[in-house]
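First the structure, in the form of structure tokens, and then the observations on it.
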Ligand code: CS2
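In this note's numbering, the protein residues as written are 984 to 1478.
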């Protein structure tokens, strides 16, 4: 093998022909977008759409400046900088076809920990029109009991006392918006790209919650001037592994320190609600709508819930990845049963979308053998996912007398998983969850009180008080605890 060439701007013309690369002049790009949270998903989604747009014509005002606010972003920032912020997007099709493309839309990167003033100034710069976010559910700093901004969080307390050295994204946004107001500049749009229902509304509520504690007058200005579009975002993006880098080296002799792998499917449905202009992402496949609600519900309650169904049952069974789990006919049939009997009947119709087709496409996407999406990634932070992905479907079915067995079994499996931290054979599972200790403590009481797990109010609210759910769940969890082979119960539920 030849010595691999390092991916960077200087070497770009030497890349093998099979790799697509930006042909627009990156040195002319103006950073109209400042993005906080440059993980795999941002790079397979917003940065990908923006790259397509930059490639399609003379729209140089939409370059992206990445921002990292966590200490753990340091390494990624160093890798990207060395590569002039270029990276490879490896799109893997189910038939084995692989397309590799170098993305050029990110042109700068700043670390909040090193220079908070530079981050605030970049957000406040006249050319910045959008500050977008992928900060995960936990980044929104919601108090689970009230649903309001959690002012007691130690970082929030710190930010209120040190407005020029913030830690939370809300501290940065507030400081930058204050400067814009003082300088007579129009507000930027704050655009959430997180997989959260009404992500724009939530961002607005949290930012105003923080800003009001600091400066009520500024909070009013933000309320009037800043737009927070809601959006549904979708592209399955597994965690980057060392194999991704190895693939580029062996296939193309290219050395990329931080590539991203993803599926071909990509969707972005955005409410057209921007404070200060926006890229014409619709020219490259995004869809602008007036109300994103039905699309969000469909995605969260089918795709994401489907992932959790396979993730939790598959983990207890002993599988490792989504494609491996769904290739088992029992799991595929169980998932379809959950989709058809429990999730779909309580969904609203979605204009222009055939739900049957959507579900069939989901099963195809999950089956893509080249996207080895780990169940460990899917099960990460289940305590903040299931209340959004699965519990609304259960609650609606309880209200309407609809079936609940598939979902109840998923929760019973989650209880087993939370208590044992192993699969049914006793192999260890690595649990990453903000509420890991509370879930474990509740699950451990199951042998004395079979409902103990679902009595954990911070996750399940008052679900345990519903007699029908409690009875169904109790029957399933007792059986699972006497024989952890979850496939027996899956067969029973599938009928
Ligand atoms: C997954 C999502 O985190 C999860 O549980 O369901 O990350 C999913 O892959 C994306 O939302 C796909 O758009």
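For glycine and all other residues, C-beta sits at the position ideal for the given N, C-alpha and C. Fair warning: this is a prediction, and the values are worked out from it, not measured in the lab.
- Task: Return the chain-ordered ranges of every alpha helix (DSSP H) run that is complete within the segment 1397–1434 and spans a minimum of 4 residues.
- Result: 1419–1427
- Query: Can the beta-carbon of residue 1002 be found less than 8 Å from the beta-carbon of residue 1043?
  - Reply: no
- Query: If you draw a straight line from the alpha carbon of residue 1245 to that of residue 1070, how long is it in whole angstroms?
  - Reply: 13 Å
- Query: Is the beta carbon of residue 1178 within less than 7 Å of some heavy atom of the ligand CS2?
  - Reply: yes
- Message: Could you tell me the alpha carbon to alpha carbon distance between residue 1086 and residue 1025, rounded to whole angstroms?
- Response: 12 Å
- Nonlocal neighbours in the same chain, by C-beta distance under 6 Å from residue 1109, ignoring five residues either side: 1168
- Between the C-alpha atoms of residue 1365 and residue 1134, what's the straight-line distance to the nearest angstrom? 24 Å
- Whole-number beta carbon distance between residue 1067 and residue 991, since they are thought to touch under 8 Å: 5 Å
- Local Cβ density within 10 Å of residue 1471, reported as buried at 16 or more and exposed below that: exposed
- For residue 1152, which of helix, strand or coil comes out of DSSP? helix
- Task: Put residue 1238 into one of helix, strand or coil per three-state DSSP.
- Result: strand
- Three or more C-beta pairs below 8 Å linking the segment 1307–1327 and the segment 1386–1404: yes
- What are the start and end residues of the beta strand (DSSP E) that includes residue 1336? Taken as a continuous stretch (DSSP letters only), residue 1336 belongs to no beta strand (DSSP E), as it is neither H nor E.
- Message: I'd like to know if the segment 1174–1182 and the segment 1206–1215 are in contact, where contact means that at least 3 CB-CB pairs between them fall below 8 Å.
- Response: yes
- Specify, as a first and last residue, the run of the beta strand (DSSP E) that residue 1048 falls within. 1046–1051
- Going by DSSP, which residues form a beta bridge with residue 1066? Per DSSP, none; premise fails for residue 1066.
- Message: By the three-class DSSP mapping on this structure, what secondary structure does residue 1389 have?
- Response: helix
- For the ligand CS2, any of its heavy atoms closer than 7 Å to the Cβ of residue 1253? no
- Message: Any heavy atom of the ligand CS2 inside 7 Å of the beta-carbon of residue 1291?
- Response: yes
- Message: My parser needs the alpha helix (DSSP H) runs of 4 or more residues fully inside the segment 1122–1182; what are they?
- Response: 1137–1144 and 1152–1165
- Task: Pull up the DSSP beta-bridge partners for residue 1217, would you.
- Result: 1250
- Message: Please determine whether the Cβ atom of residue 1196 lies at a distance below 7 Å from any heavy atom of the ligand CS2.
- Response: no
- Message: Contact defined as beta carbons within less than 8 Å: I believe residue 1325 pairs with residue 1386. What is the distance between those atoms, to the nearest angstrom?
- Response: 6 Å
- Query: Is any heavy atom of the ligand CS2 found at a distance shorter than 7 Å from the C-beta of residue 1373?
  - Reply: no
- Roughly how far, in whole angstroms, is the beta-carbon of residue 1221 from the beta-carbon of residue 1360, given that I think they are within contact range, below 8 Å? 6 Å
- Query: Does the beta-carbon of residue 1130 have 16 or more other beta-carbons within 10 angstroms, so that it is buried, or is it exposed?
  - Reply: exposed
- Whole-Å CB distance - residue 1050 paired with residue 1095, under 8 Å assumed: 7 Å
- Query: Which of the three DSSP states, helix, strand or coil, is assigned to residue 1459?
  - Reply: helix
- Indicate whether the contact test is met: 3 or more Cβ pairs, each with one atom in the segment 1184–1203 and one in the segment 1133–1152, closer than 8 Å. yes
- What does a CB cutoff of less than 8 Å around residue 1227 pick up in its chain, not counting 5 residues either side in sequence? 1073, 1242, 1243 and 1244
- Could you check what DSSP says for residue 1054 in three-state terms: helix, strand or coil? helix
- Task: Measure how close the beta-carbons of residue 1038 and residue 999 come, nearest whole angstrom, since I'm counting them as under 8 Å.
- Result: That belief does not hold up - the Cβ atoms of residue 1038 and residue 999 are roughly 19 Å apart, past 8 Å.
- Task: Tell me, please, which residues DSSP counts as bridged to residue 1018.
- Result: 1049 and 1115
- Query: So, helix, strand or coil for residue 1449, using DSSP?
  - Reply: coil
- Is it right to say residue 1451 is buried, meaning 16 or more other beta carbons lie within 10 angstroms of its own, or is it exposed? exposed
- Query: Looking at the structure shown, is residue 1362 part of a helix, part of a strand, or coil, going by DSSP?
  - Reply: helix
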